[in-house]
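**Q** Positions 1 to 427 (the UniProt record's numbering) are the ones given, in order, by the sequence shown.
All C-beta atoms in this analysis are idealised placements derived from N, C-alpha and C, irrespective of residue type, glycine included.
Just dropping this structure here.
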Amino acid sequence: MFRLASGVSLRKEGERYFLSFRDSAGRFEERPARAYELAALKLVAEGRPLREVAAEEGLPLALLKKALLAAWQEGLLEKEPSALVRQKGFEGAWFPKEEFRRAEVFTLQWHLTQRCDLSCRHCYDRSPRREPTLSEARRVLEELELFCERMRVFGQISFSGGNPFLYPHFWEVYKEAAARGFTLAILGNPVPEAELERLLALEPPAFYQVSLEGLSETNDYLRGPGHFERTLAFLKTLKAHGVSSSVMLTLHARNLSEVLPLAERLSGLAETFSFNRLALSGRGQSLLPAERKAFERFLEDYLEASGRLRHLHLKDNLFNRLLYLRGAEVCGGCTGFGCGAAFNFLALLPDGEVHACRKFPSPLGNLYREGLYQIYHSEAAQCYREGPRACRPCRLYGVCRGCLAVIATSGLNPFEDRDPFCPGPVD
């Protein structure tokens, strides 16, 4: 997957090695080589399978992968192009740059269990689902590793639930995922500090995401008494341990007015804060979505506030409409590529069901019976990647497509109809 970048040279002076190369920004650099850089160059020069090297040298596979990744990011190595690229259905689409068309990272959002220590009023799915055996969980890791190798991408696993820590084999699965070199993240609830420290001893997550649904009274109505203060305390614990933290909010009529006050409260506590619009599925059907005009005004206010509150993340794809009309640079939206359903992202449920998006029923297959590569390249997955037909005439089709979960749970067709909150296409 990697090869030596053009212009890279290595020379030895006494017992030291010196590198000459152009870094990822194009600047010429000459300096002593670091140990991991020498290891990466040796791996590429020999061209041996990483598993073979790890076994023969007694080295962790994850360590070898991290050395290659770091060397690539520094500009020492070049990488074969990722096969995660917008092609079919996007032939005439506008992309502001190649980074919006081709993904280098594939994320599996793995819901290990339905067990949860909360009972949220907007939960998308509390249906009983059997949990994976340890053998099935290991098959998932193997399938993901093979998929990433074949698609020439880096793999990320975002462990979720329910509460992923309540899955009986969580620690074994997390440890093995780390050993295979995947980037790991947690989408969950606050945990005792001892559990966080145990996690960090195995492998620090790239980030730990928790949820808040407004200020104290509203949040605790939706998530349970005391949850707001517990979460703020946990954010402080994450910060003390050097863990990147993210806060997610599900947006609806009840909490629309509290988002920006909450953002102020989270300044200095969370590295990122963002929202998803309510999907009317599961328990979410009992809540009211934001009114469209109020939501349009809210987007304007949020965008303005993001210039001052740097932790505000522009996750909703409809921000791109505002940005484009202002002549500003568009954002990555939901997954960095507009809607990333079945593109650089898939959701895996405890019983093996694979969905294009977790927020609404979008089944593609079962990973305990089928290969991930087969599921990803299915006709159903391609339909989710292409999104609504009504979006295709829009200039922003390649970087937006609205929210499929909102479309589908509003009684519309996610393959035909435009997001009901979208004011209309732009030229």
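Under three-state DSSP, which class holds H355?
**A** H355: strand per DSSP, three-state reduction.
**Q** On the criterion of 16 or more Cβ atoms from any shown chain inside 10 Å, does Y376 qualify as buried, or is it exposed?
**A** So Y376 ends up on the buried side.
**Q** DSSP three-state call for L325: helix, strand or coil?
**A** Residue state, collapsed to three classes: helix.
**Q** Looking at the structure shown, is M151 part of a helix, part of a strand, or coil, going by DSSP?
**A** Helix.
**Q** Which one of W171, C422, K239, N219 has the shortest CA to CA distance from residue 458?
**A** What the structure shows of the chain is the stretch from 1 to 427, and residue 458 is not part of that stretch, so it cannot be assessed.
**Q** Let me check one thing: in DSSP terms, what residues is P363 bridge-paired to?
**A** Its beta-bridge partners are H355.
**Q** Can you check the segment 2–70 for any alpha helix (DSSP H) of at least 4 residues that lies completely inside it and give the ranges in chain order?
**A** Taking only runs of at least 4 residues, the alpha helix (DSSP H) segments lying wholly in the segment 2–70 are 35–46, 50–57.
**Q** Measure the C-alpha to C-alpha separation of A185 and G14 and round it to an integer number of angstroms.
**A** Their Cα atoms are separated by approximately 43 Å.
**Q** Secondary structure at E78, three-state DSSP: helix, strand or coil?
**A** In the structure shown, E78 sits in a strand (DSSP, three-state: E or B).
**Q** Going by DSSP, name the residue or residues bridged to L346.
**A** L108.
**Q** Where does S211 sit, in a helix, a strand or coil, going by DSSP?
**A** Strand.
**Q** Quick one: is E37 buried, meaning 16 or more other Cβ sit within 10 Å of its Cβ, or exposed?
**A** So E37 counts as buried.
**Q** Reducing DSSP to helix, strand and coil, say where R317 ends up.
**A** First, the amino acid is wrong: residue 317 is Asn here, not Arg. DSSP places N317 in coil when its eight states are reduced to three.
**Q** Can you give the Cα-Cα distance for E264 and E213, rounded to whole angstroms?
**A** Computed Cα separation, rounded: 14 Å.
**Q** For residue 439, which residues of its own chain have a beta-carbon under 7 Å away from its beta-carbon, when the five flanking residues on both sides are left out?
**A** The requested residue 439 is not part of the displayed model; the chain covers only 1 to 427.
**Q** Give every residue of the same chain whose Cβ lies closer than 8 Å to the Cβ of D117, excluding the five residues on either side of it in the sequence, and list them in chain order.
**A** So the list reads N163, L166, N189, once near-sequence residues are dropped.
**Q** Secondary structure at Q73, three-state DSSP: helix, strand or coil?
**A** Residue state, collapsed to three classes: helix.
**Q** What is the rounded straight-line gap between the Cα of R51 and the Cα of L63?
**A** The alpha-carbon atoms of R51 and L63 are separated by roughly 11 Å.
**Q** Roughly how many whole angstroms lie between the Cα atoms of R297 and L364?
**A** Going from the Cα of R297 to the Cα of L364 covers about 36 Å.
**Q** Pop quiz: G402 and C422 are said to be a contact at Cβ under 8 Å. What is the actual Cβ separation, rounded to whole angstroms?
**A** So it is a contact: roughly 5 Å between Cβ atoms.
**Q** Determine the DSSP secondary structure at A185, reduced to helix, strand or coil.
**A** The answer is strand: DSSP assigns A185 an E or B state.
**Q** What are the residues that DSSP puts in a beta bridge with I157?
**A** Per DSSP, L108, L184.
**Q** My guess is that A5 and E78 are in contact by the Cβ rule of under 8 Å, so how many angstroms apart are they, rounded?
**A** Rounded, the Cβ-Cβ distance is 5 Å, consistent with contact.
**Q** Take the Cβ of L232 as the centre, count every other Cβ of all protein chains shown within 10 Å, and call the residue buried at 16 or more, exposed below.
**A** When all chains shown are included, L232 counts as buried.
**Q** Determine the extent of the beta strand (DSSP E) in which F295 is found, giving its start and end residues.
**A** Here F295 belongs to no beta strand (DSSP E); instead the alpha helix (DSSP H) covers 292–306.
**Q** Does F18 pass the burial test, meaning 16 or more other C-beta atoms within 10 Å, or should it be called exposed?
**A** It counts as exposed.
**Q** Who are the Cβ neighbours of E386 in its own chain at under 8 Å, not counting the five residues just before and after it?
**A** Within the same chain, E386 has close Cβ partners K88, G89, F90, F415.
**Q** By alpha-carbon positions, which one of L215, N255, I407, S378 ends up nearest to P388?
**A** With distances taken between Cα atoms, P388 lies closest to I407.
**Q** To the nearest whole angstrom, what separates the beta carbons of G284 and Y124, a pair I think is in contact under 8 Å?
**A** G284 to Y124, Cβ: 6 Å. Contact.
**Q** Taking the Cβ atom as the reference point for each residue, do H311 and S267 lie within a distance shorter than 8 Å?
**A** Yes, the Cβ-Cβ distance between H311 and S267 is below 8 Å.
**Q** Rounded C-beta distance between L372 and E143? I'm assuming under 8 Å.
**A** About 4 Å; that satisfies the 8 Å criterion.
**Q** Spatial neighbours of E353 within its chain, please: CB distance less than 7 Å, with the 5 preceding and 5 following residues excluded, ordered by chain position.
**A** So the list reads P363, N366, once near-sequence residues are dropped.
**Q** How would you write the range of the beta strand (DSSP E) that R86 sits in, first residue to last?
**A** Neither: R86 is in no beta strand (DSSP E) and is coded neither H nor E.
**Q** Taking 8 Å as the cut-off, does the segment 94–110 touch the segment 247–264 (at least 3 CB pairs, one atom from each stretch)?
**A** Judged by Cβ distances under 8 Å, the segment 247–264 makes no contact with the segment 94–110, as fewer than three pairs qualify.
**Q** Indicate the three-state DSSP secondary structure (helix, strand or coil) for T237 in the structure shown.
**A** Helix.
**Q** Looking only at C-alpha atoms, which of G47, T237, R129 sits nearest to A194?
**A** Nearest of G47, T237, R129 to A194, Cα basis: T237.
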